[in-house]
Ligand SMILES: [Mg+2]
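In the working numbering, the protein residues as written are 96 to 519.
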């Protein structure tokens, strides 16, 4: 029995996530630029209380990592410099890349897949394979499954993030199929159609045939998949060696691996964040603000996973390489950022030596417990409702869509989504 292997690939991933975070970008031409020197400069500036404007920042980043669909249509390609991109489209908005935001969306779509598929294997930041043989059953089940998956992504990640889905008997065919319709496509390739489906693709569509291998094939006179299929095995071996020859022989016939290796990890034992600062923190206030920002990130993850921590662990590394750390019990199981922070900060403050300059700060929530709902209405019900609303905002516009005012002078502001971008 052939398996049902699904491949999902997000369309213009970084640009879609940015458009989800910032509605002003939707439907517009813009580019996401790779990390340049700017990040460090900006972080240094933020610590010293200086503000660097995003436009200043964007010019120090040099390469387009993703162009929005609208920018692609006008000829902006991945890997060109931002200067070239702005020559093609004058005043093209350049959005500084924010890896943390993209990783969070990756985490979200993997979570959706893991809830519903037999096995899930992450392939890249915006791609995954899933085995849906038992959950989908047959062709019609598989197509329905893909449609439901698409609507779940819409609900959980947002309307600006679309994905293309391919389904086939193995990974090679599934990946080729997801390439076919963009954006938002669903393509099913039946085992009986594999040979003709693969023959109609071009050589360079095949994952594993890159520019170098492509060139060598062309120099042999092999320019199509059908040519490749007709090339005798001994000729392929003589040219490429046994390993590559076997790969080429197989992919040209749509033969591939159908084992989806689950990359999921076990339940977390702790959830934490730490950060290395470009310069040492030198005041209690700086430690206070940065630890609070970290605690908010930790508890947002706790709430997403419905976890309540009973202990908090905090540590500081000094500029001279030494460090201090401590563990504290929380009065009750919590996933509130302020509570986690208060207990962490209170236990850390007496043991750190601020004069040594703090280079790295970390906070972990540990020893999870089930929270027993109280019979008496919670005194902090309003607070909980507020957190729920903030989590919804983060869900819709990305982590970092809101910040506490007291964390505005931390380096974390730089990684903010949405409304902080310049729109001129
Ligand atoms: Mg993609």
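All residues carry an ideal CB built from backbone N, CA and C; glycine is no exception. None of the values given here were measured: they were computed from a predicted structure.
- Comparing C-alpha distances from residue 480 to each of 398, 494, 411 and 506 shows the shortest one belongs to 398.
- Within its own chain, the residues whose Cβ lies closer than 7 Å to the Cβ of residue 192, once the five positions on either side in sequence are excluded, are 109, 127, 128, 129, 130 and 160, listed in chain order.
- Beta-carbon to beta-carbon, residue 494 and residue 196 are separated by about 6 Å, close enough to satisfy the 8 Å threshold.
- Annotation for residue 427: no residue places its beta carbon closer than 7 Å to its own, counting only its chain and skipping 5 residues before and after.
- As DSSP reads the structure, residue 421 sits in a beta bridge with 409.
- Checking the 7 Å criterion, the Cβ of residue 104 is within range of a heavy atom belonging to ligand 1.
- Under the Cβ criterion (8 Å, minimum of three pairs), the region 407-422 does not count as touching the region 347-355.
- Rounded to the nearest whole angstrom, the C-alpha separation of residue 498 and residue 189 is 23 Å.
- Taking the Cα of residue 342 as reference, the smallest distance to any Cα among 500, 302, 225 and 105 is reached at 302.
- The closest heavy atom of ligand 1 lies 7 Å or more from the beta carbon of residue 300.
- Counting C-beta pairs with one atom in each stretch, the region 363-380 and the region 388-406 have three or more that are closer than 8 Å, which means they touch.
- Within the same chain, Cβ atoms closer than 8 Å to the Cβ of residue 275 are found at 259, 261 and 282, the five residues on either side in sequence being excluded.
- Nearest to residue 98 by C-alpha distance, out of 305, 158 and 229, is 229.
- Membership of residue 104 in the beta strand (DSSP E) is indicated by the continuous run 100-105.
- Annotation for residue 399: the continuous alpha helix (DSSP H) segment containing it runs 379-399.
- The beta carbon of residue 441 sits closer than 8 Å to the beta carbons of 423 from its chain, once the five residues preceding and following it are set aside; these are given in chain order.
- Assignment of residue 402 by DSSP, reduced to helix, strand and coil, places it in the coil class.
- Counting only residues of its own chain and dropping the five nearest sequence neighbours on each side, residue 429 has a CB closer than 7 Å to the CB of 403, 404 and 435.
- With respect to the 8 Å criterion, residue 158 and residue 176 are classified as neighbours on the basis of their beta carbons.
- Fewer than three beta-carbon pairs drawn from the region 305-312 and the region 281-295 are found closer than 8 Å, and the two stretches are therefore not classed as touching.
- At a cut-off of 3 residues, the continuous stretches assigned as beta strand (DSSP E) that sit fully inside the region 427-470 are 453-464.
- Residue 222 counts as buried, since no fewer than 16 other beta carbons sit within 10 angstroms of its beta carbon.
- DSSP, read as helix, strand or coil, puts residue 414 in coil.
- It is roughly 16 Å from the alpha-carbon of residue 313 to the alpha-carbon of residue 294.
- Following the DSSP letters along the chain, one finds residue 290 in no beta strand (DSSP E) but inside the alpha helix (DSSP H) bounded by residues 289-294.
- Under the three-state reduction of DSSP, residue 254 is assigned to coil, being neither helix nor strand.
- The C-alpha of residue 172 lies about 15 Å from the C-alpha of residue 111.
- Take residue 300, set aside five residues on each side of it, and the residues of its chain with a beta-carbon closer than 7 Å to its own are 271 and 274, in chain order.
- In the DSSP annotation of this structure, the continuous segment of the beta strand (DSSP E) that includes residue 368 starts and ends at 365-376.
- Residue 183: not part of any beta strand (DSSP E); member of the alpha helix (DSSP H) spanning 177-183, first to last residue.
- When DSSP states are grouped into helix, strand and coil, residue 342 belongs to the helix group.
- Counting only residues of its own chain and dropping the five nearest sequence neighbours on each side, residue 388 has a CB closer than 6 Å to the CB of 502, 505 and 507.
- Ligand 1 never approaches residue 109 closely enough for any of its heavy atoms to be under 7 Å from the residue's Cβ.
- At least one heavy atom of ligand 1 is found less than 7 Å from the C-beta of residue 222.
- For residue 162, the enclosing beta strand (DSSP E) has its first and last residue at 159-162.
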